[in-house]
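Peer 1:
Residue numbers (our numbering): 9 to 985.
This is the structure we're talking about:
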């Protein structure tokens, strides 16, 4: 290994500590054959922005805020830090100075590249840090593969307190998911598409010399172009999954806009992209989604000049860079933003950008044409551009006025004496507001922190219509109206409530940040005296809404505030706070799960068992349903005496029986009840780290037959270490009885969960007794009248019911919001007159449904018992969920919509071929699903024999008596076979 293998070029901006962090990360490398080349400029200019102050994304804003004298002081600090670091390790840190009079960051980097002595070079921006093994990982990958360019993962700061994250597009593309070598850029287009090479790479000096590559000194964001040129010039590229660089500053879309646009245009002109239309289009699409859409989100933060400048810059882009065809597949509001940006409509982008952060809000006067809804009434003649303003998918045409938030933009916010004068404008879209509807309004000042319980109301002086908008004016004597307590009630949020014959809509007041100064300040009269505050000061919240804060500006209030601050911050008070914090932390440990588990396993488990006590739990306490519910109701029907039943719930007791004993899962009372229970009954597993008392009987009903590999046959479990597998084995060994519904369960679930033969109870699932009875009723009496649930959900008798119940993908995360594979809006538009679609997400996930025509789509994810939904459904749409085994007992049609079936089977494994065994059509696309629904009557007849075979194979032990059998087994030890 030569003296220097990798040279790390570090350019100095105006932040001495950022420079220190970057250089120290180079010195700390485990590969000693590295050097830090610190590049300084001769001079640093001040407010004009000349000099090395464009150190990276977001640095322009910092430079603009630095005065000339401060810039000179910062430059001296940077020089001192650089000299200090070089003196500490002269062999590995070199300080070089660029000869340019006013060097840009690109010029400094080029000088660093010229001075580098290593065979490979990497470049760090201001504040960026190399991971400790980064250089070693990059160098070894280059030597092993013979690559001229090696790249790895990098993260950037999303905010002052936010966790660093890599760019979403790079993560989703799995560019760095594994080590690999790329000889053709077509195998890793994200390197150019997603600007993946702005940092986190090393390149051989031979490649730089051969291709003559340097940073473009006329570009502010030259690293974007340089990265694309590197990818195009390298004959072989190696990608590694290791994290290489952290601490990169996230670019401000507005501050860095001009440089970003210029770099994007230059990249598009490279021969690589000119000759590859698909790659060029992919990069253009990524630029629209990753740069211009975030810019639109920033519009509410910008002042009027900033908005006009940004819109003009985007409008000046070549038309090919913003072509409407590039926006296909984007959400409607994002398409609207991009079209308005391309038109240079700054005010329009402001409203659309506001709506991006509040998808339910109506921010423009919508127009309806030929059954479609558009963002505005003035539509372009070009059909392509008009389609970009189509927002029918948002479903505003189906929303009632009551509860629909409208963007209420303040057009005037000023002071007249002690009165706050407000004038505003809000859209009157579609049929939400009838043209002749009488209008009245009030201003409501909500005290923050009171959940809307404390509010002050004031009348609105005038409300009138003006074209497709509603205008209003109000003047409020703030001091006389806002008589808050003063101690805690320090912020009020004004809302505008519009009253019409069909309902009331209320929302906050949008105000541009640069216009709040005109609002002035107002004398306050808190009920508890002016020592708590004497002035109401309007300000703009982070969500761009007007608010008023109670401040102490006069001498008595300032003295009182200073006294309170002193009393709470002088040394004894600080010590008391630390002691109180420590006490809370120690007390919190008493409620922490590890402590509770130790107490349970060492002490509570020794308590005597309470005869006849049963603890029921379903899906880890998330619902009152499934087989535990069926057993509980069977117990009550039998009227067994001396049986004490308790249910556990995870977070909310809603939906659980009012007369049942309830305990919150993982609470002390829960642990006490488990330790003393004679019987445990659940369908998934009580907490794995809790031991079962030796005199307790545990009946595991389980929650479904298996299609995917489970237990010790699952690849995730196989990959665990021995101790983790032993923990699972110990938890599974707690089961005394394990219910199965067919021999398929015996050879899959029971085998792979290592359940002994004597523990198996061949009776079926108690929850399915309802389905067996429902089928018998269908055959003797027909489907009507429907169950009471249909009336509760508002489903009319003339419409059939389709239940969509997919399972989770990957590893489920509690409360994770998912995107459903099925486009429920399209389904509702196609079949809304014939079907009501019930949507039930997996119990560990949640799904946000789009707004659809009233009564066509109903979210039933919160319904406790899925068997009630199955009895109601005329057809089931699922994927590879175990719900298919239950629904087969009803002998009703099923459609299997599994667009990712092959990928799922490859990742998770399966016990059988779904396409061969499925008792209904298996489809992979939305169009195929819609065709299958059109042909449901024919396929129902064709698959009748398949359903009978499927139900027998996977539910052979389902007789309708499972609940009684399970109760007998639990209490008497008898098994009905």
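No residue lacks a Cβ here, since even glycine has one placed at the ideal position from N, Cα and C.
Using three-state DSSP, classify residue 210 as helix, strand or coil.
Peer 2: Of the three classes helix, strand and coil, the one that applies to residue 210 here is strand, per DSSP.
Peer 1: With C-beta atoms as the reference, is residue 252 less than 7 Å away from residue 208?
Peer 2: Closer than 7 Å, so yes.
Peer 1: Given this structure, state the Cα-to-Cα distance separating residue 61 from residue 166, to the nearest angstrom.
Peer 2: With a pLDDT of 42 at residue 61, under the threshold of 50, the modelled position of that residue is not reliable, and the figure given next carries that caveat. Distance between the alpha carbons of residue 61 and residue 166: 21 Å.
Peer 1: I'd like the ranges of any beta strand (DSSP E) spanning at least 3 consecutive residues and lying wholly in the region 156-207.
Peer 2: List check, beta strand (DSSP E) in window: 157-165, 188-190.
Peer 1: I'd like to know whether the C-beta atoms of residue 809 and residue 844 end up nearer to each other than 7 Å.
Peer 2: It is a contact, given that the beta carbons lie within the stated cut-off.
Peer 1: Relative to the C-alpha of residue 502, which residue among 512, 475, 555 is closest?
Peer 2: The option with the nearest alpha carbon to residue 502 is 555.
Peer 1: Name the two residues that bound the continuous alpha helix (DSSP H) containing residue 341.
Peer 2: Taken as a continuous stretch (DSSP letters only), the alpha helix (DSSP H) holding residue 341 covers 340-351.
Peer 1: Could you round the C-beta distance between residue 237 and residue 127 to whole angstroms and report it? I think they count as a contact, below 8 Å.
Peer 2: The pair is not a contact, with the Cβ atoms about 20 Å apart (cut-off 8 Å).
Peer 1: If I'm right that residue 851 touches residue 630 with Cβ under 8 Å, what's the distance once you round it to whole angstroms?
Peer 2: That belief holds up - the Cβ atoms of residue 851 and residue 630 are roughly 5 Å apart, short of 8 Å.
Peer 1: When you compare only the Cα positions, how much space is there between residue 356 and residue 121?
Peer 2: So the alpha carbons of these two residues sit roughly 45 Å apart.
Peer 1: Could you pull out every residue in the same chain whose Cβ sits closer than 7 Å to the Cβ of residue 560, ignoring the five residues on either side in sequence?
Peer 2: 541, 542, 566, 568, 569, listed in sequence order.
Peer 1: Taking just the CA atoms, how far does residue 547 sit from residue 580?
Peer 2: Cα-Cα distance, rounded: 35 Å.
Peer 1: Give the secondary structure of residue 942 by DSSP, where H, G and I count as helix, E and B as strand, and everything else as coil.
Peer 2: It is helical.
Peer 1: Residues in its own chain within less than 7 Å of residue 392 by CB, not counting five upstream and five downstream?
Peer 2: Answer for residue 392: 332, listed in chain order.
Peer 1: Given residue 183, which residues of its chain have a CB within under 8 Å of its CB, disregarding the five upstream and five downstream residues?
Peer 2: Around residue 183: 196, 198, 199, 202, 204, 247.
Peer 1: How long is the line joining the alpha carbons of residue 68 and residue 229, rounded to whole angstroms?
Peer 2: With a pLDDT of 45 at residue 68, under the threshold of 50, the predicted position of this residue should be treated as unreliable, and no value is reported.
Peer 1: Using a 10 Å radius around the Cβ and a threshold of 16 neighbouring Cβ atoms, would you call residue 283 buried or exposed?
Peer 2: Under this definition residue 283 is an exposed residue.
Peer 1: Cα-Cα, which of 860, 384, 462, 129 is closest to residue 837?
Peer 2: Out of 860, 384, 462, 129, 860 has the C-alpha closest to the C-alpha of residue 837.
Peer 1: Out of curiosity, what's the CA-to-CA distance linking residue 19 and residue 30?
Peer 2: Approximately 9 Å, taken between the alpha carbons.
Peer 1: Please state the DSSP three-state secondary structure of residue 55.
Peer 2: Its pLDDT being 37, under 50, residue 55 is placed unreliably by the model, and nothing is read from it.
Peer 1: Please report how far the alpha carbon of residue 956 lies from the alpha carbon of residue 896, in whole angstroms.
Peer 2: Between residue 956 and residue 896, the C-alpha separation is close to 8 Å.
Peer 1: Expressed to the nearest angstrom, what Euclidean distance is found between the alpha-carbon atoms of residue 308 and residue 887?
Peer 2: Near 42 Å, if we compare the C-alpha coordinates of residue 887 and residue 308.
Peer 1: Does the beta-carbon distance from residue 656 to residue 962 come in below 7 Å?
Peer 2: Not in contact: residue 656 and residue 962 (Cβ atoms no closer than 7 Å).
Peer 1: Helix, strand or coil, according to DSSP, for residue 709 in the structure here?
Peer 2: Residue 709: coil per DSSP, three-state reduction.
Peer 1: Between residue 674 and the rest of its own chain, which residues show a CB-CB distance below 8 Å, the 5 nearest in sequence each way excluded?
Peer 2: The residues are 601, 604, 695.
Peer 1: Of all the options 938, 290, 16, which has the alpha carbon lying nearest to the alpha carbon of residue 834?
Peer 2: Checking every option, the nearest Cα to that of residue 834 belongs to 938.
Peer 1: Is residue 826 helix, strand or coil when you go by DSSP?
Peer 2: The answer is strand: DSSP assigns residue 826 an E or B state.
Peer 1: Strictly by DSSP, which residues pair up with residue 690?
Peer 2: Paired residues: 625, 708.
Peer 1: Could you pull out every residue in the same chain whose Cβ sits closer than 6 Å to the Cβ of residue 929, ignoring the five residues on either side in sequence?
Peer 2: Once the five neighbours on either side are set aside, the close Cβ partners of residue 929 are 903, 940, 947.
Peer 1: DSSP three-state call for residue 283: helix, strand or coil?
Peer 2: Correct three-state label for residue 283: coil.
Peer 1: Please state whether DSSP places residue 557 in a helix, a strand or coil.
Peer 2: The answer is strand: DSSP assigns residue 557 an E or B state.
Peer 1: Less than 6 Å separating the Cβ of residue 377 from some heavy atom of the ligand ADP?
Peer 2: Absent from the structure shown: the ligand ADP. Ligands present: none.
Peer 1: Is the beta carbon of residue 8 less than 7 Å from the beta carbon of residue 16?
Peer 2: Here the chain has residues from 9 to 985 only, and residue 8 is not among them.
Peer 1: Please report the distance separating the alpha-carbon of residue 420 from that of residue 28.
Peer 2: Roughly 48 Å between the two C-alpha positions.
Peer 1: Do residue 24 and residue 103 come within 7 Å of each other at the CB atom, strictly closer than that value?
Peer 2: No; because the gap between Cβ atoms is not below 7 Å, this pair is not in contact.
Peer 1: Tell me residue 21's beta-bridge partners as DSSP assigns them.
Peer 2: Paired residue(s): none; residue 21 is not in a bridge.
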